[in-house]
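Chains as they are written, first to last, in the working numbering: chain H, 1 to 117; chain P, 1 to 114.
Working notes, structure below.
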Amino acid sequence: DTGVSQDPRHKITKRGQNVTFRCDPISEHNRLYWYRQTLGQGPEFLTYFQNEAQLEKSRLLSDRFSAERPKGSFSTLEIQRTEQGDSAMYLCASSTGLAPPQGGGQYFGPGTRLLVL
Amino acid sequence: GESVGLHLPTLSVQEGDNSIINCAYSNSASDYFIWYKQESGKGPQFIIDIRSNMDKRQGQRVTVLLNKTVKHLSLQIAATQPGDSAVYFCAETPIPGSARQLTFGSGTQLTVLP
Chain H
1 DTGVSQDPRH
11 KITKRGQNVT
21 FRCDPISEHN
31 RLYWYRQTLG
41 QGPEFLTYFQ
51 NEAQLEKSRL
61 LSDRFSAERP
71 KGSFSTLEIQ
81 RTEQGDSAMY
91 LCASSTGLAP
101 PQGGGQYFGP
111 GTRLLVL
Chain P
1 GESVGLHLPT
11 LSVQEGDNSI
21 INCAYSNSAS
31 DYFIWYKQES
41 GKGPQFIIDI
51 RSNMDKRQGQ
61 RVTVLLNKTV
71 KHLSLQIAAT
81 QPGDSAVYFC
91 AETPIPGSAR
101 QLTFGSGTQL
111 TVLP
C-alpha cells in the first residue's frame, strides 16, 4: 500500500493525558498537512510542513498542540493535557507540491479518531 | 470570512441515475478546487480537481464544472452506483502548488437508492 498511513486508528484517553499520533505520507511527497474533523463537518486545517520545515499553523493549533517532521518523512502530532473538546478525527494528508496537472492534490490518510473522556 | 459552502446537505438518487452535487465558494482568490468523497470512518478520497483557468474537467464517470462568474462548482456523477454513497466535500485553495491548506465545505451526503 503506497497511500498515506496513520497510527493509531483509534485512541481513547482520559482528560489531562498526552497523546501522540503518527503519519507516514506517500513516499515521494514533500508536503504534509494535518487537519481536524468533527462529526458532520469538513476537515479544518491545523498545520503544514514542507520537508522538515513547519511553514504554517492555524489558529486552531493551540499551545497544547505540537507537530514535528524531524527528517522530512513521517510526522507526529502531540496533544498535551487533552480536553474533551479535542475529541475529533485527526487527518493527515500529503502532496507533491507541484502545480496541477502534475500535482496539487492532497491525499488523505484514514485518520486517527480521538475520544477524550 | 471566506468560506466554501454547499447548497444541499443531503441528496438521494436512484441507482443508475446521474447525480449533481453543488458547491458555492466566496473566496475570489480561489484558484484550485478539489472534490473529495468520504465514506464513514475513512479519510477523504481525492476524486477530481480543477484549476480556475478551466470550466470543465472530466474523469471516470465524474465531471466537475466551474463557473467563476457566480463562484460555483458542481460534481456530476454518471450512472450512480451504490458504492457512490458517501459524503462529498468540495475544497478550495488560493494557489495550487504553493498551497498550504484546503478550505472545506460542510459536505453533502449522497444516498443511492436501489
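Backbone N, C-alpha and C fix where the C-beta goes; we use that ideal spot for every residue, glycine too.
Here the structure is a predicted model, which means the values were calculated and not measured.
query = Using a Cβ-Cβ distance under 8 angstroms, would Ser74 of chain P count as near chain H?
reply = Residue-level contact check: Ser74 of chain P does not touch chain H, since none of the beta carbons of chain H fall below 8 angstroms from its beta carbon.
message = I'd like the list of long-range same chain contacts for Arg57 of chain P, defined as Cβ closer than 6 angstroms, with 5 residues on each side in sequence excluded.
response = Around Arg57 of chain P: Ile50 and Val64.
inquiry  = As an exercise, report each continuous beta strand (DSSP E) stretch of at least 3 residues that is fully enclosed by the region 12-92 of chain P, in chain order.
reply    = Secondary structure in the region 12-92 of chain P: the beta strand (DSSP E) runs of 3 residues or longer, each lying completely within the stretch, are 19-25, 32-38, 45-51, 56-58, 62-67 and 72-77 in chain order.
inquiry  = Quick check on the burial criterion: 16 or more other C-beta atoms within 10 angstroms. Buried or exposed for Ser40 of chain P?
reply    = With fewer than 16 other Cβ atoms within 10 Å, it is exposed.
message = Measuring straight from C-alpha to C-alpha, what distance separates Gln109 of chain P and Glu15 of chain P?
response = If you draw a straight line from the Cα of Gln109 of chain P to the Cα of Glu15 of chain P, it is about 15 angstroms long.
request  = Identify which residue in H:Gly85, H:Ala93, H:Arg81 and H:Asp86 has its Cα closest to the Cα of Phe74 of chain H.
outcome  = If we check each option's Cα against that of Phe74 of chain H, H:Ala93 comes out closest.
request  = Going by DSSP, name the residue or residues bridged to Thr201 of chain H.
outcome  = Since the first residue shown for chain H is 1 and the last is 117, residue 201 of chain H is missing from the structure and cannot be characterised.
key: Backbone secondary structure at Glu2 of chain P - three-state DSSP   = Per-residue confidence for Glu2 of chain P stands at a pLDDT of 43, beneath the threshold of 50, marking its modelled position as unreliable; the derived number appears in the next sentence. In this structure, Glu2 of chain P counts as coil in the three-state DSSP scheme.
inquiry  = Does Asp86 of chain H come out as helix, strand or coil in the three-state DSSP assignment?
reply    = Of the three classes helix, strand and coil, the one that applies to Asp86 of chain H here is helix, per DSSP.
inquiry  = Using the Cβ count rule (16 or more neighbours within 10 Å means buried), how would you classify Ile34 of chain P?
reply    = Taking a 10 Å sphere around the C-beta of Ile34 of chain P, we find 16 or more other C-beta atoms and assign the residue as buried.
query = Secondary structure at Ser95 of chain H, three-state DSSP: helix, strand or coil?
reply = Ser95 of chain H falls in the strand class under three-state DSSP.
ask   = What is the rounded straight-line gap between the Cα of Pro44 of chain P and the Cα of Gln81 of chain P?
value = Cα to Cα, Pro44 of chain P sits roughly 18 angstroms from Gln81 of chain P.
ask   = Which residues, in order along the region 17-47 of chain P, keep a beta-carbon less than 9 angstroms from a beta-carbon of chain H?
value = For the region 17-47 of chain P, the set of positions with a beta-carbon nearer than 9 angstroms to some beta-carbon of chain H reads Tyr32, Ile34, Tyr36, Gln38, Gly41, Lys42, Gly43, Pro44, Gln45 and Phe46 in chain order.
query = Count the other CB atoms within 10 Å of the CB of Arg81 of chain H; is the residue buried (16 or more) or exposed (fewer)?
reply = Exposed.
Cross-strand partners of Lys57 of chain H (DSSP beta bridge) = According to DSSP, Lys57 of chain H bridges with H:Thr47.
inquiry  = Let me see if you follow: with CB-CB separation under 8 angstroms, is Gln54 of chain H close to chain P or not?
reply    = At a cut-off of 8 angstroms, the C-beta of Gln54 of chain H has no neighbouring C-beta in chain P.
inquiry  = Based on DSSP bridge pairs, tell me the residues matched to Gln109 of chain P.
reply    = P:Thr10 and P:Val87.
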